Amino acid sequence: MKKVFIIHGFRGSPNGGWRPWLMVELEKLDIYACALAMPNPEDPLCVEWVKEISRHIERNPENEIYLVGHSLGVPAILHCLEDLPDGSPIILGAVLVSGPSEKNENRKIENFLNKPFDFSAIKSRVKKFVIIHGDNDPNVPPSNAKTLSDELDGELIIVPNGGHLNGSSGWTTLPQCLDALNRMFNS
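If you read the sequence shown in our numbering, its first letter stands for residue 408, the second for the next number, and so on.
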């Protein structure tokens, strides 16, 4: 069974922005989708978020797992992938939306970005990456998306006037994410 786990960002929630729309669209395709409620979204700790994502991956070894992360959910996914033990299920695809790849001025999230990513370990655990980013993101510079695309050999999709691709930017649907997942499901 295909399962998609969706990880929200800093101060986010499972039912914010385009996440409810994506879950409905995946359900129409008979694909299980779950937006995870990450611990302490107002004062997040990377170790707690990694543990929560890992728990869902490890409980589903017989399923085809896909991950979708928005904003802070992206480095949480990347650190989770680094830390997965040998023998963990291979993730068939990951869609990384508006995610930071380097430190920024937000002190509350620096524990997610205070060490470099082990991109070779991350790439060994996922078959395909797609990176989606607004060309005018006020929170995460588009250069972060280019870095992720280059380091992960991932497809890069730049959304004109996308902002941070969140509800505050007016995004209640994200067809680029659904299209990316559909391409992964059918490859």
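The beta carbon of each residue, even a glycine, is placed where N, CA and C say it ideally should be. On a predicted model such as this, the values are computed, not experimentally measured, just so you know.
Limits of the unbroken alpha helix (DSSP H) element including residue i
i: Val411; result: First-last for Val411: Lys409 to Ile414, but that is the beta strand (DSSP E), not the alpha helix (DSSP H).
i: Ala483; result: Gly480 to Asp490
i: Asn597; result: The question about residue 597 has no answer, for the chain in this structure spans 408 to 594.
i: Val454; result: Cys453 to Glu465
i: Lys553; result: Pro549 to Leu559
i: Asn593; result: It is not in any alpha helix (DSSP H) - Asn593 carries neither H nor E in the DSSP assignment.
i: Glu434; result: Arg426 to Lys435
Contacting residues, own chain, Cβ-Cβ under 7 Å from residue i (five flanking each side not counted)
i: Arg418; result: Pro448 and Glu449
i: Leu563; result: Ile538, Ala552, Lys553 and Ser556
Outcome for residue i when other beta-carbon atoms lying within 10 angstroms are tallied against a minimum of 16
i: Met430; result: buried
i: Lys435; result: exposed
i: Asn546; result: buried
i: Leu503; result: buried
Sequence-distant residues of its chain with Cβ nearer than 6 Å to residue i (five each side left out)
i: Gly424; result: Asn573, Gly574 and Trp578
i: Ala528; result: Glu489
i: Ile413; result: Arg426, Ala442 and Val475
i: Ser576; result: Gly570
i: Glu432; result: Leu585
i: Ile516; result: Phe417 and Leu479
Sheet register partners of residue i (DSSP bridge)
i: Gly541; result: Val566
i: Leu474; result: Phe412 and Ala501
i: Phe526; result: Note: Phe526 sits in no beta bridge, so no partner.
i: Phe536; result: Ala501
For residue i, the first and last residue of its enclosing beta strand (DSSP E)
i: Ala442; result: Tyr439 to Leu443
Beta-carbon proximity list for residue i, same chain, < 8 Å, skipping 5 on both sides
i: Asp560; result: Lys530 and Phe536
Does the region 448 to 462 come into contact with the region 479 to 493, if we say contact requires no fewer than three beta-carbon pairs (one atom in each stretch) closer than 8 Å? yes
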